[in-house]
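> For the record, the sequence lines run as chains A and B. Using my numbering, the first residue of the first sequence is number 14, and each one after it goes up by one. Using my numbering, the first residue of the second sequence is number 14, and each one after it goes up by one. Cβ coordinates follow ideal geometry from the N, Cα and C atoms, glycine included.
2 protein chains.
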Amino acid sequence: MAPRFGTVAVVGVGLIGGSLGLALKTRGVCREVLGVDREPLDEAVARGAVDRGATLEEAAKTAEVVVLATPVGAFPALARALKPHVTPETVVTDTGSVKRHVLTHVAPLFGGRFVGAHPIAGRERSGVGAAKADLFEGAHCILTPTADSDPDAAEAVSALWRGAGARVTSMPAEVHDEVFACVSHLPHLAAFALMGVVDRTRPGGIDPATFAAGGLRDFTRVAGADPVMWRDICLTNPDAVIAMLEGYLDELAALRDAIRRGDGEFLLDAFAAARRVRGRVAP
Amino acid sequence: MAPRFGTVAVVGVGLIGGSLGLALKTRGVCREVLGVDREPLDEAVARGAVDRGATLEEAAKTAEVVVLATPVGAFPALARALKPHVTPETVVTDTGSVKRHVLTHVAPLFGGRFVGAHPIAGRERSGVGAAKADLFEGAHCILTPTADSDPDAAEAVSALWRGAGARVTSMPAEVHDEVFACVSHLPHLAAFALMGVVDRTRPGGIDPATFAAGGLRDFTRVAGADPVMWRDICLTNPDAVIAMLEGYLDELAALRDAIRRGDGEFLLDAFAAARRVRGRVAP
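1. Report yes or no: do three or more beta-carbon pairs, one from the segment 162-174 of chain A and one from the segment 189-205 of chain A, lie closer than 8 Å?
2. Return the Cβ separation of S110/A and I219/A in integer angstroms, given the expectation that the two are a contact with Cβ distance under 8 Å.
3. At a Cβ threshold of 9 Å, is L54/A touching chain B?
4. Against chain B, with Cβ distances strictly below 9 Å, would V235/A count as a contact?
5. L258/B versus chain A: which residues are under 9 Å apart at the beta carbon?
6. Which residues, taken in chain order from the segment 188-203 of chain B, show a beta carbon closer than 7 Å to some beta carbon of chain A?
7. Nearest chain A C-beta to R113/B closer than 9 Å, yes or no?
8. Report buried or exposed for R289/B, applying the criterion of at least 16 other Cβ atoms within 10 angstroms of its Cβ.
9. Thinking C-beta only, is A179/B closer than 9 Å to R40/B?
10. Is it the case that the Cβ atoms of L47/B and A72/B are separated by a distance below 9 Å?
11. Note down the Cα distance separating T214/B from T223/A, rounded to an integer number of angstroms.
12. Who are the Cβ neighbours of A256/A in its own chain at under 6 Å, not counting the five residues just before and after it?
13. Hey, quick one: how far does the beta strand (DSSP E) through C154/B stretch, first residue to last?
14. Listed from N- to C-terminal order along the chain, which residues in the segment 43-73 of chain B have their beta-carbon within a distance smaller than 7 Å of any beta-carbon of chain A?
15. Let me know the secondary structure DSSP gives D163/A once reduced to three states.
16. What does G66/A pair with, by DSSP beta-bridge criteria?
17. Could you check what DSSP says for F18/A in three-state terms: helix, strand or coil?
18. Return the bridge partner residues of C195/B from the DSSP annotation.
19. Could you pull out every unbroken alpha helix (DSSP H) segment of at least 4 residues lying fully inside the segment 98-157 of chain B, listed in chain order?
20. If contacts are defined as beta-carbon pairs under 8 Å, then V26/B and A76/B qualify, I think. What distance do you get, rounded to the angstrom?
21. So with CB distances below 8 Å, who are the chain A contacts of I255/B?
22. Quick one: is G217/B near chain A, going by C-beta distance under 9 Å?
23. Look up L54/B in the DSSP assignment and say whether it is helix, strand or coil.
24. With DSSP as the reference, label V42/A as helix, strand or coil.
25. Is H118/B close to chain A, meaning its C-beta is less than 9 Å from at least one C-beta of that chain?
26. Quick check on this structure: which residue in V170/A, A186/A, V235/A, R293/A has the alpha carbon closest to the alpha carbon of G217/B?
27. My understanding is that H131/B touches F88/B, with C-beta atoms under 8 Å, so please give their C-beta distance in whole angstroms.
28. Using a Cβ cut-off of 7 Å, which residues of the segment 88-111 of chain A contact any Cβ in chain B, in chain order?
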């Protein structure tokens with residue numbers, strides 16, 4: 014069967030961009046993957062994540078689909094640099110963890126040809142060295158088309174991610190940003206803040222981290238996430254993140270108040286409810 | 014080499030009590046382990062965690078060391094039931110996750126013969142079916158002797174846990190309760206509260222738990238912990254837990270305020286610091 018796509022360009026060949034290139038090549042979804050990056054692409058080429066490096070201009074002129082896969086903070090400048098070179102047929106998409114910001118700052122440059130996407134995948138390690146062809150297999154990928162999106166552009170982005178092995182779901186960008194503020198952005202802030210408490214606590218001169226087996230350790234994968242990426246996420250999804258933080262502060266204050274008044278029934282109900290939610294999260 | 018102990022009695026033969034029995038038997042630390050439990054001990058005997066079941070009275074009269082290994086909430090009543098039967102030589106200890114409460118409500122009944130202990134080990138599963146002989150190998154065990162403790166009783170409890178494979182550290186009960194409020198009790202409350210937010214969030218009618226791969230999943234082991242055990246911990250270590258919750262609320266509010274004012278530098282510093290602490294927690 015002929016590949017669905019001719020040339021796909023990946024801008025930013027790290028964990029996500031590199032894994033997408035590997036998946037598209039391995040699964041025969043496109044004929045050629047171009048990589049655009051500030052850094053040399055020798056390792057990406059050697060690993061088969063891209064066929065060759067290209068300039069942004071060449072990528073814009075050659076590729077059917079251009080995928081922005083850098084940190085979100087770099088998107089607006091890249092989009093402006095890309096804009097003069099795209100054809101009326103070029104489909105532009107991204108892999109960012111926030112979507113309203115992208116709709117505001119990137120999509121308008123490309124009209125109906127831009128359709129945002131967010132593949133829900135990651136590893137503790139980053140960079141193309143951690144890329145793998147099956148990173149997206151069975152993973153969710155959220156698309157956030159709008160009423161202005163060209164249907165064929167939306168279908169192309171959907172086909173790209175289905176081709177990479179993902180389960181594609183569409184939802185409005187606002188809904189996406191709230192869902193991920195809840196299940197991803199808030200948990201990261203919760204873990205970062207916990208590390209802050211550990212850092213500032215020294216009972217009897219003891220570093221509590223020495224005895225971390227009792228629960229804290231489970232938070233450390235999340236707390237080790239890339240600080241720049243998480244700064245960008247907080248600053249580009251502030252409304253939903255602040256709303257979730259407020260909800261979290263309320264939950265914690267309610268637990269504190271129940272402990273203060275010795276209300277075992279309230280605590281038991283809250284902990285039992287948490288255990289049931291946990292069953293939905295990790296069935 | 015002769016076993017260090019003759020008879021050891023374990024009161025509450027679940028994950029911790031059962032693993033202690035298995036470890037003491039497997040490693041030849043004592044001649045005999047008696048089990049005291051409300052439930053039949055057939056499985057515990059079949060697994061070799063205890064040699065046989067006994068009444069609290071028989072355990073008190075026969076054992077050199079009696080180990081309270083039930084949930085903390087049951088300690089005071091058990092201690093009162095045990096008290097009339099112990100000999101002046103009987104050493105009494107416990108495995109509870111809080112220590113000031115135990116010093117107040119249990120230790121006075123046994124004078125210098127009581128020495129509190131807290132083995133830092135656990136599994137997601139509970140009950141004697143999950144017990145294993147190597148649960149404490151290389152794990153920390155905290156002892157909280159006081160100025161009133163008999164030195165030979167403290168040495169017996171230390172020898173018991175060293176015999177089970179643990180690394181024994183002593184500290185005051187107040188310090189213990191703050192350290193574990195920080196590294197264990199607060200993380201559990203943080204995870205329970207996160208599940209509460211997920212439970213109360215339905216953007217666009219979507220259950221966010223569906224898309225939990227992005228960070229929340231790492232918190233679910235902790236959030237699935239036994240509600241009764243965690244209610245007891247909160248109610249028996251309220252001062253330290255409330256102090257840690259207050260510190261956590263401050264950390265979270267500071268992150269919220271930084272997001273609100275768009276302060277990327279503050280966020281970057283906080284996240285980078287969290288990453289460094291994480292290196293201390295999980296080196």
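On the basis of the data shown:
1. no
2. Going by Cβ atoms, the distance from S110/A to I219/A rounds to 37 Å, so no, they are not a contact pair.
3. So no, L54/A is outside the interface.
4. yes
5. Here the neighbours are L265, A266, L268, R269, I272.
6. V188, E191, V192, F193, C195, V196, S197, L199, P200, H201, L202, A203
7. Not an interface residue.
8. exposed
9. no
10. yes
11. 36 Å
12. none
13. 153-156
14. none
15. coil
16. Per DSSP, the beta bridge partners of G66/A are G48/A.
17. strand
18. Under DSSP, C195/B shares a beta bridge with no residue.
19. The segment 98-157 of chain B is shown to contain whole alpha helix (DSSP H) runs of 4 or more residues at 113-118, 120-123, in chain order.
20. Wrong, their Cβ atoms sit about 14 Å apart, outside the cutoff.
21. R269, I272, R273
22. yes
23. Of the three classes helix, strand and coil, the one that applies to L54/B here is coil, per DSSP.
24. coil
25. no
26. A186/A
27. No, H131/B and F88/B are not in contact; Cβ-Cβ is about 13 Å, not under 8 Å.
28. So the list is empty, because no residue satisfies the distance condition.
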